[in-house]
Amino acid sequence: MSAHDRAPAARRGRDRKAVVLPAPPGRPVAEGSRPRCAVVGGGIAGIAAATALAERGVRVTLYERETALGGRLAGWPTELADGSAVTMSRGFHAFFRQYYNLRGLLRRVDPGLDGLRPLPDYPLRHSSGLHDSFARVPRTPPWSAVGFTALSPSFGVRDLARMNPRAALPLLDVRVPEIHRRYDDVSALELLDRIRFPAAARHLAFEVFSRSFFADPAELSAAELALMFHIYFLGSSEGLLFDVPDEPYPQALWDPLGRYLEGHGVDIRTGTAVTGLRPDPRGGHLIDTARAASEHADAVVLALDTAGLRTLTAASPHLGDGAWRARIGRLRTAPPFLVSRIWLDRPVAAHRPGFLGTSGYGPLDNISVLDAWEGEAARWAAKTGGSVLELHAYAADPATPPEALSRTLSEQLRRVYPETSAARVVDRRDEWRQDCPLFAVGGGADRPTVDTPDPTVTVAGDLVRTDLPVALMERAATTGFLAANAHLRRWGLRGQTLWTVPDRGRSGLLRLLARHFGEG
């Protein structure tokens, strides 16, 4: 039994209304002829699935096409122009305190989560001069919404009077899957228009949040935006402050978890892409790769990104049924994004936050000062007297050359932090990627669920549709555990206990108002 299962109540977080999903019952470990499971994909979802399966004695082979674990949070070594050995990654990620299942996964190797460092604020800045902060906002709804509105300079008396309360009421009682049936055919931009959110608040706060899905608000399903409001703001008392790993992702997360998995007998095959799945005449599946002969698995977890799932499905004509395969083929990938990391020869001003969300600065969506919280960056800064910054541009124009976009981000950085104008760039790394799922307007019905037409195949990842209030990294971890639980249940083995934020609005009165007076 894992530590996460032994004491879930003590480790769920501060929210007393968080919901526990008990582990499916069964034997504690497999005995005798143990089943074999192939997990395809070594990101958060795949690692979560492999962990739950291996802890129950299942023989797991974990396939990852890249040379390291971590998926979109992977890291790799690189050498700077000054000879320094550093770790590059695909960019900053916030580990919110609502991420109960992701944090439970990390507790396998870090029981006290000592490797996560809290950032004191989540500040937002608009080019007009408006600033927002969450450091003093109450964490428990509805006082969180009241406090944010009262403290934010983007909500004026006239703005509040113009808002449409009937359009906003349903956000106070978000439930899944009802929220998708109500809002999936509406864009996030249209929902904000209906509510008549003040323009300043929209640009300063909610556009920043919606772009964290790597999509423009005009293309993002309003159901995802509403679910995000519930998870991070209106439905949970964990608040909007978050933690970050105090070392690069490989050292802080994936290397320890890789050793943990190997200690439970998992065969980790990095640098090994699965090229196809075929039915095994003896039952189960044959796993095809370019590096070895086909191998047998009794069950499969597909923990791939959108393009990877589409490609593998197209190469595996017996996978699922026709309707399922057609839905997978219609999945879309979000627009590209750019992560630009720069090593400067001098520090930024001491009062600069570790993370800053930005709006109104062209394509610049946020700035991270890595040496304020990451050990490796801090050691480089201390040695050189410099600083390490990271700039993000989400939902970029695919026609924009990455080099030109990188230059634009640096220009905008000098507007936000003028002291960087005099700094010399020691080195820089740009990561131009397009592999995040697009939660498009009207696309919810095509997104896969954990279960597939074949009970021996499950799907996991942040693209998966689930009837739980989870998103982003937490959706990846949660669906990874759910994908494992489905197989464990069939084999008569006990599953993984899970937690979520409250699965409905917190106040009975507000729920009643939303049901009877909200627009629908």
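Each residue of the sequence shown is one higher than the one before, starting from 1 at the first, in UniProt numbering. For every residue, glycine included, the Cβ atom is placed at its ideal position computed from N, Cα and C. Note that the coordinates shown come from a computational prediction; the quantities given were computed from them, not determined experimentally.
Cβ neighbour criterion (16 or more within 10 Å) applied to Thr272
Taking the sequence shown and counting its residues from 1, the one referred to as residue 272 is at position 272. Result: buried.
Would you call the CB atoms of Asn101 and Ala477 closer than 8 Å?
Locating residue 101 in the sequence shown gives position 101, counting from the first residue. Locating residue 477 in the sequence shown gives position 477, counting from the first residue. Cβ distance < 8 Å, so Asn101 and Ala477 count as in contact.
Which of helix, strand or coil DSSP assigns to Gly164
Taking the first residue of the sequence shown as 1, we reach residue 164 at position 164. In the sequence under discussion, the amino acid at residue 164 is Asn, which differs from the Gly named in the question. In the structure shown, Asn164 sits in coil (DSSP, three-state: anything other than H, G, I, E or B).
Does DSSP put Thr67 in a helix, a strand or coil?
The residue you call residue 67 lines up with position 67 of the sequence shown. Coil at Thr67, not helix or strand.
Reducing DSSP to helix, strand and coil, say where Leu413 ends up.
Your numbering for residue 413 matches position 413 in the sequence shown. Here Leu413 sits in helix by DSSP.
Ends of the beta strand (DSSP E) at Glu79?
For the purposes of this step, residue 79 is identified with residue 79 of the sequence shown, where counting begins at 1. Segment 75 to 79, the beta strand (DSSP E) holding Glu79.
For Met228 and Ala38, what's the separation of their Cα atoms in angstroms?
By one-based count along the sequence shown, residue 228 stands at place 228. By one-based count along the sequence shown, residue 38 stands at place 38. Roughly 32 Å separates the two Cα atoms.
May I ask you to verify whether the region 103 to 119 touches the region 271 to 288, counting CB pairs closer than 8 Å and requiring at least 3?
no
The region 211 to 231 touching the region 459 to 467, judged by at least three CB pairs closer than 8 Å
no
Any idea what DSSP makes of Thr478, helix, strand or coil?
The residue given as residue 478 occupies position 478 in the sequence shown. The answer is helix: DSSP assigns Thr478 an H, G or I state.
Reduced DSSP secondary structure (H/G/I, E/B, other) of Gly276
For the purposes of this step, residue 276 is identified with residue 276 of the sequence shown, where counting begins at 1. Correct three-state label for Gly276: strand.
Among Asp110, Leu113, Val137, Pro111, which has the Cα closest to the Cα of Tyr122?
The sequence position of residue 122 within the sequence shown is 122, counting from 1. Of Asp110, Leu113, Val137, Pro111, the residue nearest in Cα terms is Val137.
Can you name the start and end residues of the beta strand (DSSP E) that Thr289 belongs to?
Position 289 of the sequence shown, counted from the first residue, corresponds to residue 289. 285 to 289 is the extent of the beta strand (DSSP E) around Thr289.
Helix, strand or coil at Pro401 according to DSSP, with G and I counted as helix
Counted from its first residue, the sequence shown places residue 401 at position 401. In this structure, Pro401 counts as coil in the three-state DSSP scheme.
Closest Cα partner of Ala486 within the set Asp15, Val457, Gly75
Numbered from 1 along the sequence shown, position 486 holds the residue referred to as residue 486. The shortest Cα separation from Ala486 among Asp15, Val457, Gly75 belongs to Val457.
For Phe96, collect the residues of the same chain with a Cβ closer than 6 Å to its Cβ; drop the 5 residues on either side in sequence, then sort them by chain order.
The count along the sequence shown starts at 1 and reaches residue 96 at position 96. Only Phe242 meet the Cβ criterion.
Quick one: is Val20 buried, meaning 16 or more other Cβ sit within 10 Å of its Cβ, or exposed?
Position 20 of the sequence shown, counted from the start, is the residue given in the question as residue 20. That one is exposed.
Does the distance from the C-beta atom of Gly386 to that of Asp430 stay below 8 Å?
What you label residue 386 is simply residue 386 of the sequence shown in a count that begins at 1. What you label residue 430 is simply residue 430 of the sequence shown in a count that begins at 1. Result no, Cβ atoms of Gly386 and Asp430 do not sit closer than 8 Å.
Just to confirm the assignment: which complete beta strand (DSSP E) runs, minimum length 3, are found wholly within the region 298 to 346?
299 to 302, 337 to 344
For Gly265, does the count of other Cβ atoms within 10 angstroms reach 16, so buried, or fall short, so exposed?
Here the question's residue 265 lines up with position 265 in the sequence shown. Gly265 should be labelled exposed.
Beta-carbon proximity list for Gly41, same chain, < 6 Å, skipping 5 on both sides
As a first step, residue 41 is located in the sequence shown; it is residue number 41 there, counting from the start. Only Ala303, Leu304 meet the Cβ criterion.
8 Å Cβ cutoff met for Arg352 and Tyr249
Here residue 352 refers to the residue found at position 352 when the sequence shown is read from its first residue. Here residue 249 refers to the residue found at position 249 when the sequence shown is read from its first residue. Contact flag unset, no.
Please list, in chain order, all residues of the same chain as Thr275 whose beta carbon is under 7 Å from its beta carbon, the five residues on each side excluded.
In the sequence shown, the residue the question calls residue 275 occupies position 275. Same-chain partners within the cutoff: Asp288, Thr289, Ala290, Ala315.
Straight-line CA distance for Ser421 to Trp143?
Numbered from its first residue, the sequence shown carries residue 421 at position 421. Numbered from its first residue, the sequence shown carries residue 143 at position 143. Rounded to whole angstroms, Ser421 to Trp143 spans 41 Å at the Cα level.
I'd like the list of long-range same chain contacts for Arg506, defined as Cβ closer than 7 Å, with 5 residues on each side in sequence excluded.
Mapped onto the sequence shown, residue 506 falls at position 506. Cβ within range, chain order: Lys17, Pro141, Gly235.
Hey, Thr408 and Gly444 are a contact pair by Cβ (cut 8 Å); roughly how many whole angstroms apart?
Sequence index remark: in the sequence shown, residue 408 carries index 408 (1-based). Sequence index remark: in the sequence shown, residue 444 carries index 444 (1-based). Incorrect: roughly 34 Å between the Cβ atoms, too far for contact.
Local conformation of Trp499 per DSSP, three classes
As a first step, residue 499 is located in the sequence shown; it is residue number 499 there, counting from the start. Residue state, collapsed to three classes: strand.
Can you list, in chain order, the residues of its chain with a C-beta nearer than 7 Å to that of residue 546? Leave out the 5 residues immediately preceding and following it.
Residue 546 is absent from the model: the chain starts at 1 and stops at 520.
Nearest CA to the CA of Leu116: which residue from Leu80, Leu171, Asp246?
Here the question's residue 116 lines up with position 116 in the sequence shown. Nearest option by C-alpha distance: Asp246.
What residue range is occupied by the uninterrupted alpha helix (DSSP H) comprising Ala393?
Indexing the sequence shown from 1 puts residue 393 at position 393. Counting along the chain, Ala393 falls outside any alpha helix (DSSP H), though it belongs to the beta strand (DSSP E) covering 387 to 393.
Within this structure, are the beta carbons of Arg428 and Glu390 separated by less than 8 Å?
To locate residue 428, count along the sequence shown from 1; it is residue 428. To locate residue 390, count along the sequence shown from 1; it is residue 390. No.
Is the beta carbon of Gly26 sitting closer than 8 Å to the one on Ile44?
Translated into the one-based positions of the sequence shown, residue 26 becomes position 26. Translated into the one-based positions of the sequence shown, residue 44 becomes position 44. In this structure, Gly26 sits away from Ile44, with a CB-CB distance that is not shorter than 8 Å.
From the DSSP output, in three-state form, read off Thr449 for me.
Taking the sequence shown and counting its residues from 1, one reaches residue 449 at position 449. DSSP places Thr449 in coil when its eight states are reduced to three.
On the DSSP letters alone, give me the boundaries of the alpha helix (DSSP H) that Ala38 sits inside.
The count along the sequence shown starts at 1 and reaches residue 38 at position 38. Note, Ala38: premise wrong, no alpha helix (DSSP H); beta strand (DSSP E) at 36 to 40.
Identified DSSP bridge partners for Asn366:
Position 366 of the sequence shown, counted from the first residue, corresponds to residue 366. Asn366 is bridged to Gly357, His392.
Ignoring anything shorter than 3 residues, give me the beta strand (DSSP E) runs that lie fully in the region 116 to 151, in order along the chain.
116 to 118, 124 to 126
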